[in-house]
Each structure stands twice: as structure tokens, then as C-alpha cells.
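So the structure is just underneath, and the comments pick up after that.
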Amino acid sequence: SYNAATGVIGYTYRITNTQTNSGTGVTESLTVKVNDTIGQVNQATLTLNVVDDAPLAGNDTITTNAGVAATGSLATNDAAGADSPATWTIGTAPTHGTVTITAGTG
């Protein structure tokens with residue numbers, strides 16, 4: 001959209017295809033032409049680099065007494081990124097006890 005009073009051009013970008021690899025993205029380019037009232041024309045290229053954001057995982061600590069089950073949520077300090085929903089897996093098993101992750105909620 002163009003506002004003739006302010007000279008501001010509005011532009012909305014919508015991603016129409018998904019990326020399958022974190023860290024990769026989409027590059028889109030378009031040419032913008034500007035005409036003045038006496039017929040002079042100039043143009044420039046607008047390039048958009050859309051980067052796929054990776055999920056962010058924060059460290060978690062849960063403390064309990066021997067023989068007492070502990071619960072918590074991995075999701076409270078993690079961010080799934082644009083490719084939600086996130087899934088959690090156990091990277092390193094605990095030295096003592098067991099861990100169970102509830103699918104979908106962490």
C-alpha cells in the first residue's frame with residue numbers, strides 16, 4: 001500500500017512454503033520503482049532474508065529427597081521457535097533414578 005500524504009509504502013510478507021532445515025531460510029527480492037510528478041523514474045531492489053529460527057533449550061534442575069518423586073516442566077524456559085510444536089527427548093540419562101517425559105508438553 002502507498003500513502004501519498006506521507007510517502008510511506010507498506011509491505012506485508014507472508015511465507016507460503018516451509019523450510020525443513022533449521023538455520024536455513026528463504027530469500028525474496030523485488031524491485032521497487034518510484035515515479036515523480038514530472039515523469040522521472042528510479043528503482044531499487046528490496047531483498048528479504050527470512051531465517052528459520054531454531055528452538056531454544058534452557059537448563060533445568062529439579063531437587064527431591066530420596067524415594068520422593070519429583071515433577072517439573074521442560075517447557076517453562078524453552079522456546080519452540082516458529083516450527084511448533086516442540087518435542088523433547090532425553091539427551092543424557094540421569095545417574096540415579098529415571099526420567100519420563102510427557103509427549104507434547106515436556
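Those letters in the sequence shown? Residues 1 to 106, per UniProt numbering, in order. From the three backbone atoms N, C-alpha and C, an ideal C-beta is built for every residue, glycine too.
query	result
Alpha-carbon spacing of T95 relative to T47, whole angstroms	51 Å
Closest by C-alpha distance to A54, when choosing among D78, G10 and T89	D78
For N35: DSSP bridge partner residues	V41
Spatial neighbours of S1 in its chain, beta-carbon cut-off 6 Å, leaving aside the 5 residues before and after	G10
Selection from A4, A86 and L30 that minimises the alpha carbon distance to residue 107	There is simply no residue 107 to check, as the chain begins at 1 and stops at 106 in what is shown.
Through-space distance from L56 to A75, alpha-carbon basis	10 Å
8 Å Cβ cutoff met for V51 and G25	yes
Of the residues T100, S84 and L30, the one placed nearest A70, counting alpha carbons only	T100
DSSP beta-bridge partners of L46	L30
Whole-Å CB distance - T31 paired with T45, under 8 Å assumed	6 Å
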